[in-house]
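In order, the protein sequences belong to chains H and Y.
Here my numbering is used: the first residue of the first sequence is 1, the next is one more, and so on.
Here my numbering is used: the first residue of the second sequence is 511, the next is one more, and so on.
Ideal Cβ positions, reconstructed from N, Cα and C, are used throughout, including at glycine.
Everything on this sheet refers to the single structure shown next.
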Amino acid sequence: MLTHYDHLFEPIVVLDLQKKVVHCNPAFNLFSKQPPRVLRNIEFLFQLFETKDFDLEGWIDQGFLKLELRISPELELIHVREKNLTSHVVIRQFPLELAEGTFVAIAIHDISIEKNLYDKYRQQLQELHTTHAQIVQADKLATLGEMTATISHEISNPLTIAVGNTELIDVYLENPDLPAVRAELVRANGDIRESIDRIHNIIRNMKHFLWQSEYTKEFCSLADAIAQSVELLKTPLEAGDVKVETLLLTEDSVVLANPLKLQQVIINLVKNAIDALVEKGTPRPQILLEVRRNQTDHSLELRVVDNGPGISTSVKENLFRPFTTTKKVGQGTGLGLSISQKIIESHKGTIELQDTEVGTCFLVRLPPIEGYSFSRGDKVSRGITAKQGPRILIVDNEPQILNVLTRFLEDEGHHVIASARPEEALRFIGKMDVDLVLTDLSMPEINGRQLAHLAREQGHQGPIVYMSTSKNAEAYNRDRDKMRIAGMLIKPFTKEEVIRTVKDVLGRKP
Amino acid sequence: MSKLKIDKELVDSILTAQLAGTIDEDADFTPLQGLSQPSVVFDFHGVTMLNSCGIREWVSFIAKLPPATRVTYRRCPQIIIEQINMVHGFFREGAVIESFAAPYYCEHCDKESKVLLKTAQVQNRHAPTQACPHCGEANMEFDALEEQYFHFLKNQG
Chain H
1 MLTHYDHLFE PIVVLDLQKK VVHCNPAFNL FSKQPPRVLR NIEFLFQLFE
51 TKDFDLEGWI DQGFLKLELR ISPELELIHV REKNLTSHVV IRQFPLELAE
101 GTFVAIAIHD ISIEKNLYDK YRQQLQELHT THAQIVQADK LATLGEMTAT
151 ISHEISNPLT IAVGNTELID VYLENPDLPA VRAELVRANG DIRESIDRIH
201 NIIRNMKHFL WQSEYTKEFC SLADAIAQSV ELLKTPLEAG DVKVETLLLT
251 EDSVVLANPL KLQQVIINLV KNAIDALVEK GTPRPQILLE VRRNQTDHSL
301 ELRVVDNGPG ISTSVKENLF RPFTTTKKVG QGTGLGLSIS QKIIESHKGT
351 IELQDTEVGT CFLVRLPPIE GYSFSRGDKV SRGITAKQGP RILIVDNEPQ
401 ILNVLTRFLE DEGHHVIASA RPEEALRFIG KMDVDLVLTD LSMPEINGRQ
451 LAHLAREQGH QGPIVYMSTS KNAEAYNRDR DKMRIAGMLI KPFTKEEVIR
501 TVKDVLGRKP
Chain Y
511 MSKLKIDKEL VDSILTAQLA GTIDEDADFT PLQGLSQPSV VFDFHGVTML
561 NSCGIREWVS FIAKLPPATR VTYRRCPQII IEQINMVHGF FREGAVIESF
611 AAPYYCEHCD KESKVLLKTA QVQNRHAPTQ ACPHCGEANM EFDALEEQYF
661 HFLKNQG
C-alpha cells in the first residue's frame, strides 16, 4: 500500500508508531537530495532535517498523540546533510490505518519558490515605490525650477519696498525732532514688516509644497486646495497676464484626500494651461477652475478650462504617458500629467481630457466621501469586516472637524464613517446599520435637526447626538424627546468629552 | 538579472549552446531565439540549479524551436535528468540525449561520484558497471533507483 505514494509529486515519508522511517517516496528522494541508499539507513526524520524558530519534532510528537490530520505553519527546513540548503515548507501530518498497522504520514509542501518569488516581488515593489516617489519629487522640483524666475521677481518687489523704507528710516532718524516724524517711521516700519511677511509667505508655500509628508489622507476642501494653488501660481499668472477665475457651483467641496497631492495636480494643470496660453500668445488668456457636484454619482468634479490653442490629436493619444510634453526643451519634464493621473487614481478618482470647441478642458473626478469611507485604508476596511464593533457616522461640513473626530474615535477603536454632506449621510444611514450618528447642527442645505428628522423618518432607530456651539443648546432641548436626540457635544470640545459622550450614549443603547 | 550564462559555438553548421549557472525565473533564452541551424546541441554541464519557473521558461523556449531542428541534450547533470523524467515538455520530442551524469557510490572508499555516461551504455535500464575514480574499486553501486532514473530512455528511439 505504501508504494502507492511513489507516484505522487509531493514528497511523503511514512513513520511507524515508534516514529521510525518506514517508507519514502521518490519525490522525497528528490526533495531531501539524498540517494535511496542513504534514506534506507535513515531511522528518524530528524537525521535529515533541522528547523529554525519552530519545534517541528515536538509538533510531530503531538500528532502521534491525537492521530488526526494536522497542518503546520510555514517553516524553514534546514537540510542537515546538504550544507547551506534550506527549504520553505508547510507540512501535513495524517494517520494511516493499514493492514500492516497504524502509521503516520508526513507530506511536505515545498513553497520555497513561491517564497523567493514573493520576497523578490516585495523588494521590486519597494524599489518601484521609491523610484515613483523620486519622480514625483523631481517633478515638483522641476515645476518650482521653472517658476524660479518669476518667484524671484515676486520676492524682489517686496524686497525693493523694504530696502526703500530702510533708507527712508535712515533719513528720518537724522531728523533731530524724532517725535515729529514718528508717524512716518511707524508707516515705514509697517511697510517693511508687510514686505517681509510677503516674502516669508512665498518661501513657506514653496517649502510646504516641496517637503511636507504626502502619505496621509484627510478631509479637506477642494476649494481651499484651489485657492492655495492659485496663490502659489500668482506670479506666473501675473507675468503671463492670465486671468484666473474660480467658480464654485457647490457649497460642499470636501473630499478625503491628501491636500498637498491635490494641490500638485491643480498646479500641474494650471501651469500647463499658463504655458500653453503664453507660448501661443493667446489674446485675453484666461483659465477657469470650476467645481461642481455630479448629481448622478455624487462625485466631485473639477474642470480646468483654458481658452488656449488646445491639444493636437496626436498628442492627445499619449497625453498621460510619462515624458509626453509639447513644451520647449528644458521647460517641462513631461511627467506632470502622468503623475497627476497616478495621484488622482490613488484617490480612486479619474482625470481626463474633455472635448471642447476652444482651448483645453481637463476634468478631474473625485469620488464622494461615502465611497472613500470604505476604502480609505486597510485599517478601516479590515476593521469593518473583521470586527463587528459600533459604527459611528460623523456629519459635518467642516473638514477640520471631520478630521479631528475621525482621529479621536479611530484611536479608540471605533469604525468611523464621515460625511460632509447630510444628503450623502442619509443615503448611508439607509444603506447600512449605523450605531451612532454625530451631526453638526449648522450646515447648508440640510441642517442637523432636519437630518435627524429625515433619519427618523427613514426608520433609523439608533442614537443621534448633536454637535454645535452652546448658543444652539435650545435646539437640543426641543428635540431631545421629540426626536430622541441622545446628547449634545458643545463646540469646542476635547477628546475626553467626545469619548465620554460616545461611550455614554452607546452604553445606553438597548 | 539572469544568472544563466549561455555560450554559443558554431562548427560545421552544428550550433552548440553551453548553459551554465541557474535556470530560474530570470533565465533569459533570447540569445538562443531565432536559431536557424539544422542541428543544435544543448550542453547542460554547467547548470547548477533550476526551479519550476526556470523550467517553464525552458519548456516555452524549446517548444518554439523550428520543428525541423535536430536537438541534442549533452552532459545533462542529475538535476536535468530528474526534470526530464518528471516534467512534460522539458525534453523535446524527437530529441536525443547524448550523455548524462549518473550517480554512483563506492562502498569501499565511501565516496559518491557522478559519472558521465553515454546513453548507449545503458541497456534495459540497468546502470553499467563503473570503477571508482577515487580508489579504483571495480564495481561501484548505482546511487539512485534505476527504474526511475532511466525513465527518460523510453523517449529515446
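Margin query: Suppose the cutoff is 6 Å on Cβ atoms and the five residues either side in sequence are ignored; what does the same chain contact list for Leu-233 of chain H look like?
Written below: Result list for Leu-233 of chain H: Val-270, in chain order.
Margin query: So that I know if they touch, is there some Cβ in chain B lying closer than 8 Å to that of Gln-658 of chain Y?
Written below: Of the protein chains in this structure, namely H and Y, none is chain B.
Checklist line | Ser-156 of chain H versus Ile-369 of chain H - alpha carbon distance | finding: 43 Å
Checklist line | Cα-Cα separation between Ala-273 of chain H and Arg-293 of chain H, rounded to whole angstroms | finding: 23 Å
Next item on the list: Tell me whether His-298 of chain H sits in a helix, a strand or coil according to DSSP, three-state version.
Entry: coil
Margin query: Mapping the DSSP letters down to three states, classify Asp-515 of chain H as helix, strand or coil.
Written below: Past the boundaries of the shown model lies residue 515 of chain H; chain H is included only from 1 to 510, so the question cannot be answered.
Check: With DSSP run on the structure shown, which of helix, strand or coil describes Gly-310 of chain H?
Finding: coil
Item checked: Nearest-angstrom beta carbon gap, Leu-260 of chain H and Leu-222 of chain H [assumed within contact, 8 Å] -> Not a contact, Cβ separation roughly 13 Å.
Notebook entry, point to check: Does the Cβ of Lys-140 of chain H have 16 or more other Cβ atoms within 10 Å, making it buried, or fewer, making it exposed?
Noted result: buried
Next item on the list: Name, please, each residue of chain H whose Cβ falls closer than 8 Å to the Cβ of Tyr-615 of chain Y.
Entry: Pro-35 and Arg-37
Item checked: Below-8 Å beta-carbon distance, Pro-26 of chain H vs any chain Y residue -> yes
Check: Any idea what DSSP makes of Arg-584 of chain Y, helix, strand or coil?
Finding: Strand.
Notebook entry, point to check: In chain H, which residues lie with their C-beta within 7 Å of the C-beta of Asn-561 of chain Y?
Noted result: Ile-113
Next item on the list: Entirely within the region 565-614 of chain Y and at least 4 residues each: give me those alpha helix (DSSP H) ranges in chain order.
Entry: 588-596
Check: Pick from H:His-200, H:Ile-267, H:Asp-61 and H:Leu-366: whose alpha carbon is nearest that of Ala-142 of chain H?
Finding: H:Ile-267
Checklist line | Gln-354 of chain H - DSSP class collapsed to helix/strand/coil | finding: strand
Margin query: So, with DSSP's three-state summary, where would you put Gln-134 of chain H?
Written below: If DSSP states are grouped into helix, strand and coil, Gln-134 of chain H belongs with the helices.
Note to self: Runs of 4 residues minimum, wholly inside the region 447-501 of chain H: which ones carry the alpha helix (DSSP H) assignment?
What the structure shows: 448-457 and 473-482
Margin query: List, in chain order, every chain Y residue whose beta-carbon is nearer than 7 Å to that of Leu-30 of chain H.
Written below: Glu-592
Item checked: Same chain only: Cβ atoms within 6 Å of Lys-621 of chain Y, ignoring 5 sequence neighbours per side -> Listed in chain order, the non-local C-beta contacts of Lys-621 of chain Y below 6 Å within the same chain comprise His-644, local neighbours out to five positions each way being set aside.
Next item on the list: Using 10 angstroms around the beta-carbon of Asp-534 of chain Y, count the other beta-carbons present and answer buried if the total reaches 16, otherwise exposed.
Entry: buried
Checklist line | Pairwise C-alpha distance: Ala-27 of chain H and His-7 of chain H | finding: Rounded to the nearest angstrom, the two C-alpha atoms are 8 Å apart.
Next item on the list: Find the residues of chain Y that neighbour Leu-117 of chain H, judging by a C-beta separation of less than 8 Å, and give them in chain order.
Entry: Glu-535 and Cys-563
Check: On the three-state DSSP scale, how would you describe Ala-420 of chain H?
Finding: coil
Item checked: Same chain only: Cβ atoms within 7 Å of Ile-42 of chain H, ignoring 5 sequence neighbours per side -> Val-21 and Leu-48
Next item on the list: Check whether the Cβ atoms of Leu-159 of chain H and Ile-192 of chain H sit closer than 8 Å, and answer yes or no.
Entry: no
Next item on the list: Compare the beta carbon distance of His-79 of chain H and Ser-72 of chain H with 8 Å and say whether it is the shorter of the two.
Entry: Judged by their CB atoms, His-79 of chain H and Ser-72 of chain H are not nearer to each other than the 8 Å cut-off.
Checklist line | Reduced DSSP secondary structure (H/G/I, E/B, other) of Leu-48 of chain H | finding: coil
Item checked: Residues that DSSP places opposite Met-650 of chain Y in a beta bridge -> Met-650 of chain Y is not bridged to any residue.
Notebook entry, point to check: Along chain H, in chain order, which residues have C-beta atoms closer than 8 Å to that of Glu-651 of chain Y?
Noted result: For Glu-651 of chain Y, the residues of chain H that pass the 8 Å Cβ criterion are Arg-37, in the order they occur in the chain.
Note to self: Assuming Val-181 of chain H is part of the beta strand (DSSP E), what are its boundary residues?
What the structure shows: Here Val-181 of chain H belongs to no beta strand (DSSP E), and DSSP marks it neither H nor E.
Margin query: I'd like the span of the beta strand (DSSP E) that includes Ala-105 of chain H, first residue to last.
Written below: 101-110
Check: Which residue comes first and which comes last in the alpha helix (DSSP H) that contains Ala-27 of chain H?
Finding: 26-32
Check: So, does the CB of Ala-637 of chain Y fall closer than 8 Å to a CB anywhere in chain H?
Finding: no
Check: Which of the three DSSP states, helix, strand or coil, is assigned to Asp-275 of chain H?
Finding: helix
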